[in-house]
Amino acid sequence: SFPKAKKVVLTKNYRSTQEILDHAYNLIQHNNPDRLEVQSKIDKKLVAILKKKGELKHYTFDKDYEEADWVAEKILELKNKNKELKFRDLAILTRANSHAEQFVLSLKQLVIPYVFS
4 SFPKAKKVVL TKNYRSTQEI LDHAYNLIQH NNPDRLEVQS KIDKKLVAIL KKKGELKHYT
64 FDKDYEEADW VAEKILELKN KNKELKFRDL AILTRANSHA EQFVLSLKQL VIPYVFS
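Remember, my numbering sits 3 above the position in the sequence shown when you count from 1.
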């Protein structure tokens with residue numbers, strides 16, 4: 004609908020390591036085959052500007068409460084290992100607000116301060 008528009012494909016990522024970007028890219032390849040990337044023949048494989056290496060782990064849980072409890076315990080573990088780390092330095096991202104309910108319960112249970120928004 005904008006024939007004179009210049010198409011710009013953003014491929015540089017300044018936040019994540021290449022390992023994380025590659026794993027995320029491999030996951031989304033199983034999404035909708037009619038996605039814009041396929042239709043427009045755009046290569047959306049991102050390149051990391053960060054060159055440091057990190058550790059990538061994938062966990063699966065049978066129940067929502069198991070996942071939420073694990074995350075809350077991991078927060079306490081990280082906080083105990085690094086006394087300078089503040090709870091406000093951490094975030095739990097969910098797809099929808101309704102998915103956060105179990106996390107709120109687990110945080111409350113371990114008396115971890117939180118802000119829900």
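Beta carbons are placed, not taken as given, at the ideal position from N, Cα and C, and that holds for glycine.
Alpha carbon of residue i to alpha carbon of residue j, nearest angstrom
i    : j    : result
L113 : K82  : 13 Å
I45  : H102 : 32 Å
V12  : A51  : 15 Å
V118 : I23  : 27 Å
A75  : A94  : 11 Å
D72  : K54  : 32 Å
E80  : S109 : 14 Å
F90  : K77  : 12 Å
I31  : E40  : 11 Å
R38  : T14  : 17 Å
K86  : A27  : 31 Å
K156 : P116 : One cannot answer for residue 156 here, as it falls past the ends of the chain, which runs 4 to 120.
Q42  : P36  : 9 Å
E1   : N34  : For residue 1 there is no data in the structure shown, the boundaries of the chain being 4 and 120.
Opening and closing residue of the alpha helix (DSSP H) in which residue i lies
i    : result
Q105 : 104-112
H26  : 21-31
A71  : 67-84
E40  : 39-42
Spatially closest choice to residue i from the options, by CA coordinates
i   : options             : result
R98 : F5, S120, P116, W73 : S120
K56 : K47, Q21, K9, F5    : Q21
N29 : S4, F5, K47, E69    : K47
Beta bridge counterpart(s) of residue i as assigned by DSSP
i   : result
A51 : N16
Sub-8 Å separation of residue i and residue j beta-carbons
i    : j   : result
L49  : N16 : yes
Q105 : D65 : no
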